[in-house]
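Following: one structure in C-alpha cells, then a few remarks.
Number of protein chains: 2
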Amino acid sequence: MTYCVGLLLDAGIVLLSDTRTNAGLDNIATYRKMFLFETPGERAIGIMTAGSLSITQTTMARLSDAIDDPDGEKSILRAPTMLQVAEIVGSMLSDVTSEVASKMERMSQKATASMIVAGQRKGGPMRMFLIYPEGNFIEATADTPFLQIGEHKYGKPILDRVIEPGTSLADAEKAVLLSMDSTLRSNLSVGMPLDFAIIERDALEITRRRRIEADDEGFARMSAAWSEALRNAFAEIDPT
Amino acid sequence: MTYCVGLLLDAGIVLLSDTRTNAGLDNIATYRKMFLFETPGERAIGIMTAGSLSITQTTMARLSDAIDDPDGEKSILRAPTMLQVAEIVGSMLSDVTSEVASKMERMSQKATASMIVAGQRKGGPMRMFLIYPEGNFIEATADTPFLQIGEHKYGKPILDRVIEPGTSLADAEKAVLLSMDSTLRSNLSVGMPLDFAIIERDALEITRRRRIEADDEGFARMSAAWSEALRNAFAEIDPT
C-alpha cells in the first residue's frame with residue numbers, strides 16, 4: 001500500500017508520500033511515488049501515485065513522453081490551465097487502467113491506481129486534484145484543504161484537527177509528517193523513506209524538496225517527541 | 001458502519017461500541033451493538049457486532065433462544081469454557097451468514113458480519129475473541145491486548161501508543177473513549193450514543209455498564225480537552 005497526502009494552503013502546496021511497494025509480504029521494494037515537474041518561473045506541478053505499480057509507472061512514463069514530444073498536445077508542462085493538466089493525467093490514467101484491466105480480467109484479478117495532482121502555472125491559481133482510477137477527479141477547496149490517497153485513515157484525525165487554509169508551511173510540514181508517523185506505526189505496508197515537497201504560492205518552481213531516509217535524526221526526534229507529548233496529554237485528561 | 005473496540009487487560013475486560021446503523025445515508029438508525037450476558041458469580045460475557053444488521057440480529061436472536069432452551073447444547077451461559085462460547089457464536093454466525101448469502105446472491109449483493117466475544121467463567125481465564133464472518137476466530141493476547149471491528153483505523157494510533165496489559169481500567173476507559181472520539185470526528189457512519197462496559201477480573205459479573213448519550217457532558221468535556229491537548233502538543237513539537 002501507500003500513503004500520500006497533499007495540502008492546498010494559502011501559503012502554498014505541501015506534498016508528502018511514502019515509498020513502499022509490495023507484491024506480497026516477501027516482495028517489498030522502494031519506489032518513488034512523488035514526481036515533480038517544473039519550468040521555473042512558468043509552472044510547477046507535483047504528482048503523487050497510489051495503487052498498482054504497473055499502472056502508475058506506465059501512466060507516468062506516458063506523461064514524460066508527452067512532455068518530450070514537441071508536437072504533443074498532452075504535455076502537462078504546456079497545458080494552458082491546471083484543470084487541463086488534471087484532465088490529461090485523468091485521461092492517461094483511465095486509458096492505462098482499462099488496457100491493464102482487460103489483461104487482468106483473464107486472470108480474475110484487478111488493478112487500479114489513483115493520483116494527486118497539484119500545482120500552479122503563471123497567472124493561474126494553485127490547484128490540487130484527486131484523480132480516481134476511472135479518470136474523473138475532485139478538487140481541494142478551502143473547506144477541504146487536504147487530499148489523501150492510499151492508507152489514509154490512520155493519519156486523518158491529526159489533519160482533521162490541525163489543518164486549515166491559513167496553516168503556516170512550517171506547521172503544515174509538521175502536520176503531514178506526524179500524520180505519516182501515525183500511519184507508519186499502525187500499518188506495515190507503508191514505509192520509509194519519505195518524499196516531501198513544497199510549492200510556495202506564486203513561486204512557480206519547486207520551492208523545497210527533501211527525501212527523509214529511515215535513519216533521519218530529525219524525523220526520529222519529532223516522532224519520539226510526538227509520542228511523549230501524546231502520552232503526556234493523555235495522562236492529563238480527566239476521565240469523564 | 002460501526003466501531004467497536006475491546007481490551008483484554010490484567011485488570012479486566014473493557015468494551016466500547018457505537019450504535020449507528022445505516023442503509024444508505026438517508027436511512028440512519030440507532031441499534032444496540034453491545035450485548036451483555038451474565039450469571040452473577042458464575043460467568044459474564046460481552047458480545048459486540050459489526051456488519052449487516054440482518055445477520056447480527058438473527059445471530060443474536062438465536063443465541064438468546066439457545067440460552068432459553070433448557071435442553072439446548074448451544075447456550076453460551078452453559079458452555080464449559082470461553083473457547084466453546086466463541087465456537088458457538090462462530091458457528092451460529094457462519095450458519096446465518098451462509099443462509100443470508102444464498103438469498104443475497106440472487107441480487108448480486110453481499111452481506112457479512114463480524115463479532116467480538118469476551119468474558120470469563122468461574123475457574124477459567126478472561127478471554128477475548130474476534131469472530132470472522134466465516135465463523136473462525138482469533139484471540140487477544142498479551143502482545144495484542146485489543147481487538148477492533150468496523151471502522152477501526154482512525155482510532156488505532158491512540159491504542160497503539162497507550163494500551164498494554166498493565167493499563168489501569170481508568171486509563172483504559174479514557175483510551176477507548178478517545179479512540180472512539182477520533183473515529184466519530186473522521187467518519188460520519190459511526191455515531192453516538194455509545195455503549196460502554198467493564199468486566200473486572202474474577203468479578204464474574206458485568207462490573208459496570210454505561211450508555212453515553214450524544215449530550216453527555218463528561219464525554220463532551222473530555223473530547224474538547226483532548227482536542228486542546230493535541231493542539232498544544234502539536235504546537236510544542238519542534239519541526240524536524
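Chains A and B, in that order, give the protein sequences.
The first sequence: position 5 = 5 (my numbering), numbered continuously.
The second sequence: position 48 = 48 (my numbering), numbered continuously.
Glycine included, every Cβ here is placed at the ideal spot set by N, Cα and C.
Residue i - containing beta strand (DSSP E), residue span
i, result
"I28(A)", "28-30"
"D238(B)", "That residue, D238(B), is in no beta strand (DSSP E); it is neither H nor E in DSSP."
"V14(A)", "12-17"
"Q148(B)", "146-150"
"R278(A)", "Residue 278(A) is absent from the structure shown; chain A starts at 1 and stops at 240."
"R161(B)", "Looking at the DSSP string, R161(B) is not in any beta strand (DSSP E); the run it does join, the alpha helix (DSSP H), is 156-162."
Sheet register partners of residue i (DSSP bridge)
i, result
"R221(B)", "In DSSP, R221(B) forms no bridge with anything."
"I131(B)", "M115(B), F137(B)"
"T83(A)", "The residue you asked about is not Thr; residue 83(A) is Leu in the sequence shown. None, per the DSSP bridge assignment."
"R210(B)", "F196(B)"
"I47(A)", "F35(A), V117(A)"
"G6(B)", "L15(B), L147(B)"
"N22(B)", "I28(B)"
Of the listed residues the options, nearest to residue i (C-alpha basis)
i, options, result
"A175(A)", "L7(A), Y3(A), T2(A)", "L7(A)"
"L204(A)", "E38(A), R20(A), M34(A), T2(A)", "E38(A)"
"K33(A)", "E173(A), Y3(A), T207(A)", "Y3(A)"
"A83(B)", "F137(B), E73(B), Q57(B)", "Note that residue 83(B) corresponds to Leu in the displayed sequence, not to Ala. Comparing Cα-Cα distances from L83(B) to each of F137(B), E73(B), Q57(B), the minimum goes to F137(B)."
"T183(A)", "S75(A), A44(A), D10(A), S17(A)", "S17(A)"
"L178(A)", "M222(A), E228(A), M1(A), F196(A)", "M222(A)"
"R210(B)", "G166(B), A225(B), M192(B)", "M192(B)"
"D195(A)", "A214(A), N187(A), S189(A), S186(A)", "A214(A)"
"I198(A)", "M1(A), G124(A), I13(A), I67(A)", "I13(A)"
"E200(A)", "A11(A), V5(A), L230(A)", "A11(A)"
"N187(B)", "D216(A), A172(A), K156(A), R185(A)", "K156(A)"
"A225(B)", "A224(A), W226(A), A225(A), L230(A)", "L230(A)"
"R43(A)", "E73(A), R62(A), S114(A), L77(A)", "L77(A)"
"M115(B)", "G124(B), L147(B), K103(B), N232(B)", "L147(B)"
"D143(B)", "P165(B), P125(B), R161(B)", "P165(B)"
"L9(B)", "M1(B), I88(B), M48(B), I163(B)", "I163(B)"
"R208(A)", "T19(A), P40(A), T21(A)", "P40(A)"
"P80(A)", "I45(A), D65(A), S52(A), D171(A)", "I45(A)"
"D181(B)", "A170(B), L159(B), L169(B)", "L159(B)"
"V85(B)", "S102(B), T141(B), I206(B), R127(B)", "R127(B)"
"A101(A)", "A140(A), E134(A), A50(A)", "E134(A)"
"V5(A)", "I149(A), A111(A), E105(A), N22(A)", "I149(A)"
"P239(B)", "I206(A), R20(A), L169(A)", "L169(A)"
"G218(A)", "R185(B), I237(B), S54(B)", "I237(B)"
"K153(A)", "I88(A), N22(A), I131(A), V190(A)", "V190(A)"
"M1(A)", "I88(A), M107(A), A111(A)", "A111(A)"
"S54(A)", "L36(A), F35(A), Y31(A)", "Y31(A)"
"N22(A)", "L36(A), A50(A), F35(A)", "A50(A)"
"R185(A)", "A172(B), D202(B), R185(B), R161(B)", "R161(B)"
"P125(A)", "A140(A), E173(A), Y132(A)", "A140(A)"
"S98(A)", "D71(A), N232(A), F129(A), S52(A)", "S52(A)"
Alpha helix (DSSP H) segment containing residue i, residue limits
i, result
"Q244(B)", "In this structure chain B extends from 1 to 240, so residue 244(B) is not present and cannot be described."
"L177(B)", "169-186"
Residue i Cβ short of 7 Å to the ligand GDP heavy atom set
i, result
"G155(A)", "Ligands in the displayed structure: none, and consequently the ligand GDP is not present."
When you check each C-beta in the stretch 143-156 of chain B against every C-beta of chain A, which residues fall closer than 7 Å? K153, Y154, K156
Within 8 Å, do at least three Cβ pairs link the stretch 89-103 of chain B to the stretch 53-61 of chain B? yes
With 9 Å as the C-beta to C-beta threshold (strictly closer), list the residues of the stretch 191-204 of chain A near chain B in chain order. none
Output needed in chain order: residues of the stretch 1-29 of chain A with a Cβ under 9 Å from some Cβ in chain B. none
Residues, ordered as in the chain, of the stretch 118-134 of chain B that lie near chain A by beta-carbon distance below 7 Å: none
Which residues, in order along the stretch 156-172 of chain B, keep a beta-carbon less than 7 Å from a beta-carbon of chain A? K156, P157, D160, R161, V162, A170
Measuring CB atoms only, is the stretch 61-70 of chain B touching the stretch 98-115 of chain B, in the sense that at least three cross pairs come out at less than 8 Å? no
Residues in the stretch 222-233 of chain A with C-beta within 8 Å of chain B's C-beta atoms, listed in sequence order? Hits within the stretch, in order: M222, A225, W226, S227, A229, L230, R231, N232, A233.
Contact set between the stretch 32-63 of chain A and chain B, restricted to residues whose Cβ is under 9 Å from the partner: none
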